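Enquirer: Quick one: structure below, then a few questions.
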Ligand SMILES: Nc1ncnc2c1ncn2[C@@H]1O[C@H](COP(=O)(O)OP(=O)(O)O)[C@@H](O)[C@H]1O
Ligand SMILES: [Mg+2]
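Chains as they are written, first to last, in the UniProt record's numbering: chain V, 1 to 269; chain C, 1 to 284.
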């Protein structure tokens, strides 16, 4: 399945991308974060990026969001190179980054405000998603009055509310406890099936990557490069609560873990 | 961490628990508030008693007066209309200086921090000006601006200006970078970022600095009146102390302290009203 890579349907493209950072700590010496990263993601595809810490996963997302520019190579979105901040994608970070002075509703409507969506429509679109993730009744609560899981839901729907065709997620469930993570994975899948955006999902959790993805890209240790890619053949809709029982899960998990362990060993040396 | 699930249906028992917790919480808060009031009153009375009976043992009793006499003096000054006249002059100077200082401080902070390098260029000068003992400037202001209210307003404004500027600039620069990145991708314009992210994020620092600075404005006005003037609370105190009229000196000091306490209380109440999302707490 999903073997053909058709240029016309490619939502995201990394074409031999290099990225070097000049860090202040090393007297202005540039350090390579990405080395010849090349991959594509088709429209509607859910792709996970895994690899040792510091291998450049977040950097990849920042390049696609236009918050950073590649030092060499091209990052493209819907076939054209990303130039300037890319407001056509959605970006969800590990910190929920909710504005503390806005209620949940105010936060979910924020991006629509920036985009000049009229008040009524903002209200309706926000409410739909708030209800969909079970946050109805908490619209007027401020972030500090919500649990970690609720804030995370808010952080996700405030980005999905403007229906971008590509959604970038950088370890969104990182700081959550194990149960909440699985609940939110199930909810994320539900949200994803609703509009089917292309997702680039960074995670450290291999079970999570398998439960959610169509494809998993394993990165090498710093400087990052795509070491190997795995297709996840588990049929959808999937149940993250019982993903361990899915056929092929154990083999895939072991293969991924062997790959990563080799890279972590590399990084530790 | 537990996940609070919305839209739960409460059993009678659960409703009773909720009710009890709400009542307990309310009672707890009332008790806490009463304790604070009680503590304040006890401390105030202790201070008055010390002043009445203890202070004379430490310093020359001829120069300390006592609360009863001072209270009587305040009464006389009030009755003569003199006190209110001086008070309104000082409050007018402090108020004008405060407004000018706050507005100028806010505008400068936004302007300076709109570019990171800009702030870095100005910072050493800000720190230098900030650390000048302002009383050293009072005689200069009198020479420059005369004996009227202008040098007092300038002094009050100056004290306020630097505090508001430095606090606001710190608040503006301290916004989590993650907020910016996410909002930029959301499609925020530069103006959106300023109005909807930067400024609200700086509000706690701004509000706290405004509360602190109102007292500084009064201090600036009084201090400057002290150096040279013909009216105001500072003048009242300075004149009385030159005449060894100790009761009037203390009367003036007590009135100044009372004004500052009242203003501080009002501004604090305003502060928790302005910042519901902060749980009413401001660090400043
Ligand atoms: N703004 C930056 N300045 C300097 N170095 C950076 C910057 N951002 C990332 N790096 C470096 O690039 C490498 C990759 O970082 P990152 O993409 O955050 O890794 P990951 O998300 O995979 O953990 C790291 O070595 C990191 O130190
Ligand atoms: Mg990262």
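Every residue, glycine too, gets a C-beta built ideally from N, C-alpha and C.
The structure presented is a predicted model; accordingly, all values stated were derived computationally and were not measured.
According to DSSP, what are the bridge partners of residue 19 of chain V?
Expert: Translated into positions along the first chain, residue 19 of chain V becomes position 19. V:34.
Enquirer: Return no unless some Cβ of chain C is closer than 9 Å to the Cβ of residue 114 of chain V.
Expert: Within the first chain, residue 114 of chain V is the residue found at index 114, counting from 1. At least one chain C Cβ lies under 9 Å of residue 114 of chain V.
Enquirer: Between the stretch 170-189 of chain C and chain V, which residues of the former have a C-beta closer than 8 Å to a C-beta of the latter?
Expert: 176, 178, 179, 181, 182, 183, 184, 185, 186, 187, 188, 189
Enquirer: Closer than 9 Å, Cβ to Cβ, to anything on chain C: give me those residues from the stretch 48-75 of chain V, in chain order.
Expert: 62, 65, 66, 67
Enquirer: Count the other CB atoms, across all protein chains shown, that sit within 10 Å of the CB of residue 60 of chain C; report buried if there are 16 or more and exposed otherwise.
Expert: Start at 1 with the first residue of the second chain, and residue 60 of chain C comes out as number 60. Exposed, since its Cβ has fewer than 16 Cβ neighbours within 10 Å.
Enquirer: State whether the stretch 192-204 of chain C contacts the stretch 71-83 of chain C, with contact taken as three or more CB pairs (one from each stretch) at a distance under 8 Å.
Expert: no
Enquirer: What's the gap between the Cα of residue 23 of chain V and the Cα of residue 32 of chain V?
Expert: Your numbering for residue 23 of chain V matches position 23 in the first chain. Your numbering for residue 32 of chain V matches position 32 in the first chain. Cα to Cα, the separation comes out at about 10 Å.
Enquirer: Take the Cβ of residue 130 of chain C as the centre, count every other Cβ of all protein chains shown within 10 Å, and call the residue buried at 16 or more, exposed below.
Expert: Translated into positions along the second chain, residue 130 of chain C becomes position 130. Result: exposed.
Enquirer: For residue 66 of chain V, which option in C:181, C:11, C:143 has the closest C-alpha, if you only look at C-alpha atoms?
Expert: Here the question's residue 66 of chain V lines up with position 66 in the first chain. With distances taken between Cα atoms, residue 66 of chain V lies closest to C:181.
Enquirer: Chain C beta carbons: is any one of them nearer than 9 Å to that of residue 165 of chain V?
Expert: Translated into the one-based positions of the first chain, residue 165 of chain V becomes position 165. No - not a single Cβ of chain C is within 9 Å of the one on residue 165 of chain V.
Enquirer: Is residue 57 of chain V near ligand 1, with its Cβ less than 8 Å from a heavy atom?
Expert: On the first chain, position 57 is the one that residue 57 of chain V refers to. Residue 57 of chain V Cβ: within cutoff of ligand 1.
Enquirer: Report yes or no: do three or more beta-carbon pairs, one from the stretch 163-182 of chain V and one from the stretch 93-100 of chain V, lie closer than 8 Å?
Expert: yes
Enquirer: Can you list, in chain order, the residues of its chain whose CB lies under 7 Å from that of residue 37 of chain V, leaving out five sequence neighbours each side?
Expert: Here residue 37 of chain V refers to the residue found at position 37 of the first chain. Cβ within range, chain order: 14, 17, 60, 224, 225, 226.
Enquirer: Any heavy atom of ligand 2 closer than 8 Å to the CB of residue 53 of chain V?
Expert: Here residue 53 of chain V refers to the residue found at position 53 of the first chain. Answer for residue 53 of chain V: yes, Cβ within range of ligand 2.
Enquirer: Three or more C-beta pairs under 8 Å: does that hold for the stretch 183-190 of chain C against the stretch 79-87 of chain V?
Expert: yes
Enquirer: I'd like to know whether the C-beta atoms of residue 288 of chain V and residue 165 of chain V end up nearer to each other than 9 Å.
Expert: Only positions 1 to 269 of chain V appear in this structure, which leaves residue 288 of chain V out of reach.
Enquirer: Who are residue 12 of chain V's beta bridge partners in DSSP?
Expert: Here residue 12 of chain V refers to the residue found at position 12 of the first chain. Answer by DSSP bridge pairing, in chain order: V:41, V:77.
Enquirer: Is the stretch 92-99 of chain C close to the stretch 214-221 of chain C, with three or more CB pairs under 8 Å?
Expert: yes
Enquirer: Does the beta carbon of residue 89 of chain V sit closer than 9 Å to a beta carbon anywhere in chain C?
Expert: On the first chain, residue 89 of chain V is found 89 positions in, with the first residue counted as 1. Yes, contact with chain C.
Enquirer: Tell me where the beta strand (DSSP E) around residue 89 of chain V begins and ends.
Expert: For the purposes of this step, residue 89 of chain V is taken as residue 89 along the first chain, with counting starting at 1. Counting along the chain, the beta strand (DSSP E) containing residue 89 of chain V begins and ends at 89-92.
Enquirer: For residue 285 of chain C, which residues of its own chain have a beta-carbon under 8 Å away from its beta-carbon, when the five flanking residues on both sides are left out?
Expert: Limits of chain C in this structure are 1 at one end and 284 at the other, which puts residue 285 of chain C out of reach.
Enquirer: Counting only C-beta atoms, is residue 85 of chain V closer than 9 Å to chain C at any point?
Expert: Taking the first residue of the first chain as position 1, residue 85 of chain V is located at position 85. Residue 85 of chain V counts as touching chain C.
Enquirer: To the nearest angstrom, report how far apart residue 192 of chain V and residue 200 of chain V are at their CA atoms.
Expert: For the purposes of this step, residue 192 of chain V is taken as the residue at position 192 of the first chain. For the purposes of this step, residue 200 of chain V is taken as the residue at position 200 of the first chain. Rounded to whole angstroms, residue 192 of chain V to residue 200 of chain V spans 12 Å at the Cα level.
Enquirer: What number of angstroms, rounded off, separates the C-alpha of residue 79 of chain V from the C-alpha of residue 43 of chain V?
Expert: Residue 79 of chain V sits at position 79 when you count from the first residue of the first chain. Residue 43 of chain V sits at position 43 when you count from the first residue of the first chain. If I take the Cα positions, the gap works out to 11 Å.
Enquirer: Between which residues of its own chain and residue 341 of chain C is the CB-CB distance below 7 Å, once the five residues before and five after are set aside?
Expert: Outside the displayed range of chain C (1 to 284) lies residue 341 of chain C, so it cannot be described from this structure.
Enquirer: Using the rule of at least 16 other Cβ atoms within 10 Å of the residue's Cβ for burial, across every protein chain shown, is residue 286 of chain C buried or exposed?
Expert: Outside the modelled stretch of chain C, which goes from 1 to 284, sits residue 286 of chain C, for which no answer is possible.
Enquirer: Provide the residue(s) that pair with residue 229 of chain V in DSSP beta bridges, ordered along the chain.
Expert: As a working mapping, residue 229 of chain V is identified with position 229 in the first chain. Beta bridge pairing from DSSP links residue 229 of chain V with V:217.
Enquirer: Leaving out five residues on either side along the sequence, give the residues of the same chain with a beta carbon under 7 Å from the beta carbon of residue 103 of chain V.
Expert: Position 103 of the first chain, counted from the first residue, corresponds to residue 103 of chain V. The residues are 139, 140, 141, 142.
Enquirer: Mind listing which residues of the stretch 77-98 of chain C have their C-beta closer than 8 Å to chain V's C-betas, in chain order?
Expert: Hits within the stretch: zero.
Enquirer: Hey, does residue 95 of chain V have any beta-carbon neighbour from chain C nearer than 9 Å?
Expert: If you number the first chain from 1, residue 95 of chain V lands on position 95. For residue 95 of chain V, the answer is yes, since a Cβ of chain C falls inside 9 Å of its Cβ.
Enquirer: Would you mind stating whether residue 179 of chain C and residue 99 of chain V have Cβ atoms separated by less than 9 Å?
Expert: Taking the second chain and counting its residues from 1, the one referred to as residue 179 of chain C is at position 179. Taking the first chain and counting its residues from 1, the one referred to as residue 99 of chain V is at position 99. Cβ atoms of residue 179 of chain C and residue 99 of chain V: closer than 9 Å.
Enquirer: For residue 149 of chain C, does the three-state DSSP call read helix, strand or coil?
Expert: Counting from one through the second chain, the residue named residue 149 of chain C turns up at place 149. Correct three-state label for residue 149 of chain C: coil.
Enquirer: Per the DSSP calculation, residue 199 of chain V is bridged to which residue(s)?
Expert: The residue labelled residue 199 of chain V in the question sits at position 199 within the first chain. Bridge pairing for residue 199 of chain V: V:46, V:167 [DSSP].
Enquirer: Just to confirm before moving on: does the CB-CB distance between residue 41 of chain V and residue 82 of chain V stay below 9 Å?
Expert: Here the question's residue 41 of chain V lines up with position 41 in the first chain. Here the question's residue 82 of chain V lines up with position 82 in the first chain. Taking the C-beta atoms as reference points, residue 82 of chain V is found no nearer than 9 Å to residue 41 of chain V.
Enquirer: Would you say residue 275 of chain C faces chain V, with C-beta separation under 9 Å as the test?
Expert: Counting from 1 along the second chain, the entry for residue 275 of chain C is found at position 275. So, interface residue.
Enquirer: If contacts are defined as beta-carbon pairs under 8 Å, then residue 203 of chain V and residue 47 of chain V qualify, I think. What distance do you get, rounded to the angstrom?
Expert: Here the question's residue 203 of chain V lines up with position 203 in the first chain. Here the question's residue 47 of chain V lines up with position 47 in the first chain. Contact between residue 203 of chain V and residue 47 of chain V is absent: CB atoms are separated by about 11 Å, not below the 8 Å threshold.
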